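Read top to bottom, the protein sequences are chains A and B. Position in the first sequence (from 1) plus 1087 gives the number in the numbering used here. Position in the second sequence (from 1) plus 1087 gives the number in the numbering used here. Glycine included, every Cβ here is placed at the ideal spot set by N, Cα and C. For clarity, every value in this text was computed on a predicted model and none was experimentally measured. Worksheet for the structure shown next.
Protein chains: 2
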Amino acid sequence: MSKALPTRSENYSEWYNELVKRADLAENSAVRGCMVIKPYGFSIWEKMQRALDDMFKETGHSNAYFPLFIPKSFLSKEADHVEGFAKECAVVTHYRLMNDPNGGGVVVDPSAKLEEELIVRPTSETVIWSTYKNWIQSYRDLPLLINQWANVVRWEMRTRIFLRTTEFLWQEGHTAHATEAEAIAETEQMLEVYATFAEEWMALPVLRGIKTPNERFAGAVETYCIEALMQDTKALQAGTSHFLGQNFAKAFDVKFQDKEGKLEYVWGTSWGSSTRMMGALIMAHSDDAGLVLPPKLAPIQVVIIPIYRDQNQFDQISAKVQELMKDLKKRGISVKFDSSDAYKPGYKFAEYELRGVPVRLAMGARDLENGTVEVARRDTKTKETVALEGIVDHIEELLENIQQSIYNKALAFQKDNSHKADTYEEFKEILDTKGGFIYAHWDGTPETENRIKEETKATIRCIPLNAEAEEGVCIVTGKPSGRRVVFARAY
Amino acid sequence: MSKALPTRSENYSEWYNELVKRADLAENSAVRGCMVIKPYGFSIWEKMQRALDDMFKETGHSNAYFPLFIPKSFLSKEADHVEGFAKECAVVTHYRLMNDPNGGGVVVDPSAKLEEELIVRPTSETVIWSTYKNWIQSYRDLPLLINQWANVVRWEMRTRIFLRTTEFLWQEGHTAHATEAEAIAETEQMLEVYATFAEEWMALPVLRGIKTPNERFAGAVETYCIEALMQDTKALQAGTSHFLGQNFAKAFDVKFQDKEGKLEYVWGTSWGSSTRMMGALIMAHSDDAGLVLPPKLAPIQVVIIPIYRDQNQFDQISAKVQELMKDLKKRGISVKFDSSDAYKPGYKFAEYELRGVPVRLAMGARDLENGTVEVARRDTKTKETVALEGIVDHIEELLENIQQSIYNKALAFQKDNSHKADTYEEFKEILDTKGGFIYAHWDGTPETENRIKEETKATIRCIPLNAEAEEGVCIVTGKPSGRRVVFARAY
Ligand SMILES: [Zn+2]
Ligand SMILES: [Zn+2]
């Protein structure tokens, strides 16, 4: 580690950028807005994928794969979808290169122009519903519960690693149902899957809510979302689940014969989460020394560093460590023994702090004598000397403890940064001095929502699912409102 | 199942196409040459991915992710690479659509033209080596052992599901090394990983060999491959591993400081396997009744079908089955109980045969009385009645037995369809009457190779790694040759 990170209070944004780079998570590529996810970063993403994928399968979904390319004409089929969505995207117009007749490398072969341009998928509703048309004839074919893991491209003007990139990795679920009620239940179930994943794996407390029509997914009847709070008190949407009604079924003419033999349009949902969650994970928990990873998503949960003067000491420590590693692995704990002699222990300590390894063990000559090991936890940076006897149980409990304690800290932060505002003045003051989630009354109109956004850069993150009925008046117009909605400045 | 499959002897090609469709493996999409991989097909691919990924990780590799898009200029940097490779590809020229001013949906926004066109990756050597330049400074940064799972696009004129599609899924390993010897050892190790996967998981015996310069990967110094034989006696290349020498390091200026402080170019390898293996798996083992899956790659290893007259019988069978399923699952055996009453047992039998489920259990009233179950194996289509006592051990052994026996059958087929030819006449006769692998002497020139290809459509599949030295003369030119190479007509 050459120099220290910028601190969060100094420059949160620079802190994030540097952390992403120095912890070997990702970097910008030669292609504007597209990132390279580096091995360490990708191994975190793989853990997220595995956990989510298991949850999708437990709830009855299967994976499949649909084409990268979407015929341009598909995008126009669902009117709202094309209006709200599909403009900023990568367009394939040709299918061949040729040697530059003037000798300058390769050029596009003008004779190889596609009859219809292809769009690199920004999301796959259109291509998937055009396929579902052939898969669904009868109520027996329903529900159809499919997910795909894929790359998608949205031509973003301002990009930020993980948070907003031109190409990103995600999963998109697309389901089809016989009834409206079943589709809504599916939409809500998948929101709960995302919320559970955020809370139990990412240690990230989230609000569950519904988007306003303004913020709704293009083509959806209702968009559900989970919203988390970052350490700079800005909000981040970490997953969305859409009830599509019959919109895509109608656009692509997907009907089924019900039990009575009647032909009906199918009801749909879609839901997605992406590498953006990597950004949320980093920004929610990490500190000025580097990443703080919840143990359940840490590629390395325990690192062991030997502290020795000579080969003899090293050999003795190494023998103890091998034994310990075997026991830890038996419990399913991932452990790394960093025995390289290229770097000093102090350097290694800082490196693994930077990378967010939850537990660090250090073993030296005195530990050998006393049958102990030094145990340091990354989240609180506390250390203790622990007897090797029973150490595996201790570490297992410690990892659970860290997972819970990172969550508790984030939850306390969220509570501390949730405020009520009853007037527009108060609202603006909280926004400028404290940020966070602001619970306020709103008259339900897009006009007021837009005005607030223009004047304050705050958006309605969601109408919380658990919002209590409360009579009040809109902070801007004074019109009546039946419950508070959640505002925030957001990523 | 509406009607029977075409038979292999009738029309092998139609048999394959229909099987892929009817067994719910994949289908053509609305985009020419791009396929939809359906849930059942994808679940087989997931099993392949998991097994390969575990092997990559056991051999020290990490996954990462590199951009989908490659700047056009990158392709010209490695001269052979662009010559041999990069012409037929999808070219992104624009990044925005707009509403058609004439009201016809959306059109490409002419003002959103990219300064430099982007190519949808046909393979990622160029973008990865341009990244490695920043990752590699010293011998300490080596070896760099990275793999990515990704989609790639090659604009194919004649496509065939799984075997040759415009977009396909694959993994591509890209490694960097300090020495030539280490890079060659890596290339050979990964070939062996592919061969082991083919033989132990896919139950598919393969030849390990080296490609002739003609068939070499564009930009490689040496291409290793594994070659399998399909039931129509045509060969199929199922994986390749390339020793890149310093070609890409020189093209992208990737140097490292060695232990003596000298600056040297890095040595590289790349290796890939794709959804094409799905085609190989299907074509190698399946029969006229449908898929035959090796148990290790079967999404459902055991299906249980109840045969009953009334609810009471069903309940009794169901109780027994629940118990059995618990025991099977405990052993890690994937099992499905098809209790639906929408279809008759005979229909279900045919369906699971079509889908290649290795073991089918049927339980009826007499089985209840006798404490037995009917066990049918898919590969040989034999049935036996087995006591429920000890059935789990029996099934576990049966699955291993099926795995081995599918392999043995394919190995016998490969042996029966490997021939030696000592004259060009003999060669052509074998090719036209028997097909398969033909071992023949060749003078080592691309001219002779091309002539044989033009005249017979047979190509040199590989120079086998285990080929014995044998003095002989080229079947075409009569020039001396030191060992036989393997010819075949191929997919
Ligand atoms: Zn407050
Ligand atoms: Zn023979």
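Item, Value
"Using a Cβ-Cβ cut-off of 8 Å, state whether A:N1150 counts as contacting chain B.", "yes"
"Taking A:I1478 as part of the alpha helix (DSSP H), name the residues at either end of that continuous run.", "1478 to 1503"
"State the Cα-Cα distance for the pair B:Y1526 and B:C1312, rounded to the nearest angstrom.", "17 Å"
"Roughly how many angstroms separate the alpha carbons of B:M1088 and A:I1387, rounded to a whole number?", "Below a pLDDT of 50, predicted positions are generally treated as unreliable, and B:M1088, at 46, falls in that range; the measurement from the model is reported next regardless. When rounded, the distance between both Cα atoms is 49 Å."
"Can you look up B:R1132 in the DSSP assignment and give me helix, strand or coil?", "Position check: residue 1132 of chain B holds Trp in this sequence, whereas Arg was assumed. In the structure shown, B:W1132 sits in a helix (DSSP, three-state: H, G or I)."
"Output the distance between the C-alpha atoms of A:G1559 and A:A1336, rounded to the nearest integer angstrom.", "39 Å"
"Kindly list the residues whose CB is nearer than 7 Å to the CB of B:K1108, restricted to its own chain and excluding five residues on each side of it in sequence; keep chain order.", "E1114"
"Return the residue from the list A:S1405, A:S1198, A:V1169 that minimises the CA-CA distance to B:V1193.", "A:V1169"
"Can you tell me which of A:L1485, A:G1260, A:M1370 puts its alpha carbon nearest to the alpha carbon of A:K1146?", "Correcting the residue identity first, residue 1146 of chain A is Thr in this sequence and not Lys. The shortest C-alpha separation from A:T1146 is found at A:G1260."
"Within this structure, are the beta carbons of B:M1244 and B:P1381 separated by less than 8 Å?", "no"
"With 8 Å as the threshold, decide whether the Cβ of A:P1154 is near any Cβ in chain B.", "yes"
"Less than 8 Å between CB atoms is the rule here; does A:A1429 satisfy it with respect to chain B?", "yes"
"Taking Cβ-Cβ distances below 7 Å as the criterion, which residues of the stretch 1182 to 1206 of chain B are in contact with chain A?", "Y1182, R1183, L1184, M1185, G1192, V1193, V1195, E1204, L1205"
"Mapping the DSSP letters down to three states, classify A:M1088 as helix, strand or coil.", "Residue confidence for A:M1088 is low, a pLDDT of 46 falling below 50, so the modelled location carries little weight and cannot support an answer."
"Does DSSP put B:D1374 in a helix, in a strand, or in coil?", "strand"
"Pull up the distance between the alpha-carbon of B:E1212 and that of B:Q1136, whole angstroms please.", "21 Å"
"Taking Cβ-Cβ distances shorter than 7 Å, what residues in chain D pair up with B:I1124?", "Among the chains of the structure shown, chain D does not appear; the protein chains present are A and B."
"Determine, for A:M1088, whether the minimum Cβ-Cβ distance to residues of chain B falls below 8 Å.", "Here the model assigns A:M1088 a pLDDT of 46, short of 50, so the residue's position is not dependable, and the following value carries that caveat. Judged by the 8 Å Cβ criterion, A:M1088 is not in contact with chain B."
"Kindly say whether B:W1242, judged by its beta-carbon, lies nearer than 8 Å to any beta-carbon of chain A.", "yes"
"If the cut is a Cβ gap below 8 Å, which residues of chain B does A:P1158 touch?", "A1117, V1118"
"Going straight from the alpha carbon of B:D1402 to that of B:S1426, what length do you get?", "10 Å"
"Report the partner residues of B:F1054 according to the DSSP bridge assignment.", "Only positions 1088 to 1578 of chain B appear in this structure, which leaves residue 1054 of chain B out of reach."
"I want to see whether chain A comes within less than 8 Å of B:V1178, judged by CB atoms only; does it?", "yes"
"Do three or more CB pairs link the stretch 1228 to 1238 of chain A to the stretch 1262 to 1277 of chain A at distances below 8 Å?", "yes"
"Going by DSSP, name the residue or residues bridged to A:E1461.", "A:A1449, A:T1472"
"Under the three-state reduction of DSSP, which class applies to B:S1568: helix, strand or coil?", "strand"
"Below 8 Å, how does it come out for the stretch 1176 to 1184 of chain B and the stretch 1200 to 1218 of chain B: are there three or more Cβ pairs, yes or no?", "yes"
"Near B:I1223, which residues of its chain fall below 7 Å by C-beta distance, leaving aside the five closest residues on each side in sequence?", "L1229, L1231, A1263, V1341, F1343, V1353"
"Checking contacts by CB at 8 Å: is B:L1162 closer than that to chain A?", "yes"
"Taking Cβ-Cβ distances shorter than 8 Å, what residues in chain B pair up with A:I1165?", "Sequence inspection shows Glu at residue 1165 of chain A; the Ile mentioned does not correspond to that position. Here the premise fails: no neighbours, minimum Cβ distance about 11 Å."
"Keeping to the same chain, check which residues put their C-beta closer than 6 Å to that of A:N1238; ignore five residues upstream and five downstream.", "E1254, L1256"
"Is B:G1451 closer than 8 Å to B:T1252 when the C-beta atoms are compared?", "no"
"Does any residue of chain A have a CB that is nearer than 8 Å to the CB of B:Q1324?", "no"
"Of all the CB atoms in chain A, is at least one closer than 8 Å to the CB of B:F1547?", "Note on identity: in this sequence residue 1547 of chain B is Ile, with Phe being the wrong assignment. By this cut-off, B:I1547 is not an interface position."
"Considering only the alpha carbon of each residue, which of B:I1233, B:I1478, B:I1369 lies closest to B:Y1099?", "B:I1369"
"Shortest alpha-carbon distance to B:E1487 belongs to which of B:A1385, B:T1546, B:D1428, B:L1201?", "B:A1385"
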